[in-house]
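Colleague:
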Amino acid sequence: MIRTVAALVTDDVTAFELGVVCEVFGIDRTEDGVPPFDFRICGPEAGVPVRLSVGGSIVPDHGLDGLLGADLVAVVPSWRRTGEALAPLDEAILSALRAAHASGATMLSLCSGAFILAEAGLLDGRPCTTHWRHAALLRTMFPVAEVNEDVLFVDDGDIVTSAGTAAGIDAALHLVRREIGSEAANAIARRMVVAPQRDGGQRQFIDHPVPECSDDMFAEVLDWMVEHLEEQQPVSRLAELAGMSPRTFARRFTAETGTTPIQWLAQQRILRARTLLESTDLDIDHVAHRCGFSSGTLLRHHFRRLVGVTPGEYRKTFALA
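Note that our numbering has the sequence shown beginning at 8, numbered continuously upward.
What follows is the structure, given as structure tokens:
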């Protein structure tokens, strides 16, 4: 259970990622059923301003001692690039991160915050990610880190690293879901007006988001597809709904969503299966039929392919009851 959250900020801290951490963990949402967090912003020294990367500054109420005793330490990125390297951080900051981790804190880095964890030695031999633009530099500077730039975030148990910008929201909500439950994560997501399903599951469950469609006509088709997941949906039928030939529809669908109708449909069926596994005690065959799969075997195949574990393992981890 995450009860105490410490956000580490250093000079040139990025405002958006700091805002993400504050939004997920720093706002009282007890009226929505979310347990309260003891949230603290920690800088190198309490009361000493820390520069924002976009101008201005913030004044942290806590110093580095605020990291100790935290259940979660969120490392907010600060971009200190000088040529092809980064300016080194003060050893006191790195030592404080090591001490917090050694004391049992889960570490969360957002975007290029992975560089700070790596500099502290916490990513040695660990799978991790960062913004795709910085992945090559992270790999060069810290070759013992196992960098994967193709994912939204990587959950390696007590260390979670996220890719750029909005992926930090995904990783933060994932941690809420993992440690507190789906209801709390969904409640926070609703208040933030973001999709709760853009997560990667638990350890090593890495999920790629399904792009949403902005075209009104295609949006109507997508809505119909989601409302009729239990039915067969050949491309010919979908094309008829869109008033196009199957070939034109398939081409336009890929252009609009970034994926094929079959893959999009499979993703949506798996999302529904995840919800049913979390919130009901239906057996796997019934879940499969409710989601449009002809058998539990087929559901297991697609579930493992897209989520990384079996439906039974997923239910064991995320069932609400």
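Using N, Cα and C, we set each Cβ at its ideal position, and we do this for glycine too. Remember, predicted model here, so these are calculated numbers, not experimental data.
Which of the three DSSP states is assigned to Ile65 in this structure?
Modeller: If DSSP states are grouped into helix, strand and coil, Ile65 belongs with the strands.
Colleague: Is it right to say His235 is buried, meaning 16 or more other beta carbons lie within 10 angstroms of its own, or is it exposed?
Modeller: So His235 counts as exposed.
Colleague: Assess contact between the stretch 57-75 and the stretch 34-42, defined as three or more Cβ pairs (one per stretch) separated by less than 8 Å. Is contact present?
Modeller: Contact fails: fewer than three Cβ-Cβ distances are below 8 Å.
Colleague: Would you say Ile269 and Val242 are within 9 Å of each other, going by their C-beta atoms?
Modeller: Yes, the Cβ-Cβ distance between Ile269 and Val242 is below 9 Å.
Colleague: Under 8 Å by Cβ, that's how I've got Pro253 and Ala262 pegged, so tell me the actual separation to the nearest angstrom.
Modeller: At roughly 15 Å, the Cβ-Cβ gap does not stay under 8 Å, so Pro253 and Ala262 are not in contact.
Colleague: Using the beta-carbon count (16 or more within 10 Å), is Glu98 buried or exposed?
Modeller: It is exposed - the Cβ of Glu98 has fewer than 16 other Cβ atoms within 10 Å.
Colleague: Hey, quick one: how far does the beta strand (DSSP E) through Arg146 stretch, first residue to last?
Modeller: Unbroken run through Arg146 is the alpha helix (DSSP H), Ala142 to Met148; no beta strand (DSSP E).
Colleague: At 3 residues or longer, and completely inside the stretch 12-86: list those beta strand (DSSP E) runs for me, N to C.
Modeller: Within the stretch 12-86, the complete beta strand (DSSP E) runs of at least 3 residues are 45-49 and 79-82.
Colleague: What do you reckon, are the CB atoms on Leu130 and Ala121 nearer than 9 Å?
Modeller: Result yes, Cβ atoms of Leu130 and Ala121 sit closer than 9 Å.
Colleague: Based on DSSP bridge pairs, tell me the residues matched to Glu153.
Modeller: DSSP lists Pro134 as partners of Glu153.
Colleague: Under 8 Å, with one C-beta from each stretch per pair, do the stretch 51-59 and the stretch 27-36 reach the 3-pair mark?
Modeller: With a cut-off of 8 Å, the stretch 27-36 and the stretch 51-59 do not count as touching, because too few Cβ pairs lie within range.
Colleague: Hey, how far is the Cα of Glu285 from the Cα of Ile291?
Modeller: C-alpha separation (whole angstroms): 12 Å.
Colleague: What residues are listed by DSSP as bridge partners for Ile166?
Modeller: Bridge partners of Ile166: Met114.
Colleague: Suppose the cutoff is 6 Å on Cβ atoms and the five residues either side in sequence are ignored; what does the same chain contact list for Thr17 look like?
Modeller: Result list for Thr17: Ser85, in chain order.
Colleague: Suppose you measure from the CA of Gly171 to the CA of Asp157; what does that come to, to the nearest Å?
Modeller: Those two C-alpha atoms are separated by around 11 Å.
Colleague: What is the residue span of the alpha helix (DSSP H) that Thr172 lies within?
Modeller: Run containing Thr172: none; DSSP gives neither H nor E here.
Colleague: Could you pull out every residue in the same chain whose Cβ sits closer than 7 Å to the Cβ of Asp206, ignoring the five residues on either side in sequence?
Modeller: Model confidence at Asp206 stands at a pLDDT of 43, short of 50, so the residue's coordinates are unreliable; what they give is reported in the following sentence. Around Asp206: Asp177, Leu180, His181, Arg184 and Asp214.
Colleague: For Thr89, collect the residues of the same chain with a Cβ closer than 7 Å to its Cβ; drop the 5 residues on either side in sequence, then sort them by chain order.
Modeller: Only weak support is given to the placement of Thr89: the predicted model assigns it a pLDDT of 46, under 50, and the question is left unresolved by the model.
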